[in-house]
Every structure is written in C-alpha cells, then in structure tokens.
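K.L.:
Residue numbers (my numbering): 5 to 101.
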Amino acid sequence: MIAAGERATLMWASANRDEAVFGGADELHLDRDPAQNLLYGRGIYVCPGARLARLELSVLVEELLKRTDKIALAPGPQPTIAVYPASGFSDLPMLIL
Ligand code: HEM
C-alpha cells in the first residue's frame, strides 16, 4: 500500500512484462494487442514523442528488411539484459547479412 504523500517509481518495463497480460514475455508474438503496451507511458505520463518514435522505428525496420537477407544472434557471447533504468539489452551481438 502506498500512503498519501509517499513517492513511488513506476517501472514501465516491468509493467510490459506482466504475465497476467503478456504471457511469454521473452517470446515474439506479432498478434499481441498493442493497446495493452505501456512502452510510451499512459495518461498524463504518456510520451509526447511516441508518434515520431513509432515512425522512426517503422522506417528503420522497413529499410533494414529491404537491405538484409538474414538477421540472427551472433554465435559466441550471449546477449546481456540491461539493468534498470535502461531496458532491453546492453549487449546484443548480431549477425546482419
Ligand atoms: C522508443 C522511443 C521512446 C520511448 C520508449 C519513450 C518513452 C517515454 C515514456 C514512457 C515517457 C513517460 C515517462 C514518465 O513520465 O514516467 C516519455 C516521456 C517523454 N518523452 Fe519519450 N519515448 C520515446 C521517444 C521519444 C521521442 C522521439 C521524443 C521527442 C522527440 C520523446 C520525448 C519525450 C518527452 C519530452 C517526455 C516527457 C513528457 C512530460 O514529462 O511531460 N520521447 N517517453
């Protein structure tokens, strides 16, 4: 319970891995409901740059897929999960061919 006046930090990355909403958080499921995702925040804490970020990411992925035949994990060192407040990976060796 959070008492009135206490400070709290919302862990956006953790909320996006809530098993009750997103089963198999480490798996890629293209059919997930994007409306459930809290990546860009929610309500008064929503990111004002979300549209630009989505556009940039979609152009990046389109152009990358046009120019590549294969994207895979590189053999050898395993990816390293980033530590809060960062999210994703701090190290992700990839083969982009
Ligand atoms: C993948 C890219 C991005 C992600 C995941 C992201 C995510 C977020 C999140 C979750 C917040 C709310 C933080 C909070 O209040 O707890 C936020 C705030 C903010 N974002 Fe982004 N963002 C991204 C890209 C951008 C871009 C491209 C811009 C501007 C060009 C931007 C500008 C801002 C600003 C100015 C705020 C603060 C808004 C405020 O406090 O009123 N963001 N972002």
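Note that the Cβ used here is the ideal one computed from N, Cα and C, for glycine as well.
Values in this document were obtained by computation on a predicted structure and should not be read as measured data.
For residue 18, which option in 95, 89, 97 has the closest C-alpha, if you only look at C-alpha atoms?
P.N.:
The shortest Cα separation from residue 18 among 95, 89, 97 belongs to 89.
K.L.:
Decide if the region 66-77 is in contact with the region 93-101; the criterion is three or more beta carbon pairs, one per stretch, under 8 Å apart.
P.N.:
Cβ pair count under 8 Å is three or more, so yes.
K.L.:
Which residue wins for smallest C-alpha separation from residue 125, given the options 52, 31, 25?
P.N.:
Because the chain here runs from 5 to 101, residue 125 falls outside it and cannot be looked at.
K.L.:
Can you give, in chain order, each stretch of the alpha helix (DSSP H) that sits fully within the region 8-48 and has at least 4 residues?
P.N.:
As far as the region 8-48 is concerned, its whole alpha helix (DSSP H) runs of at least 4 residues are 16-19.
K.L.:
In chain order, what residues of the same chain have a beta carbon less than 6 Å from the beta carbon of residue 96, not counting five sequence neighbours either side?
P.N.:
Within the same chain, residue 96 has close Cβ partners 83.
K.L.:
For the ligand HEM, I want to know if residue 81 counts as a neighbour, meaning its beta carbon is within less than 7 Å of at least one of the ligand's heavy atoms.
P.N.:
Not under cutoff, so the answer is no.
K.L.:
DSSP state of residue 99, grouped into three classes?
P.N.:
Three-state result, residue 99: strand.
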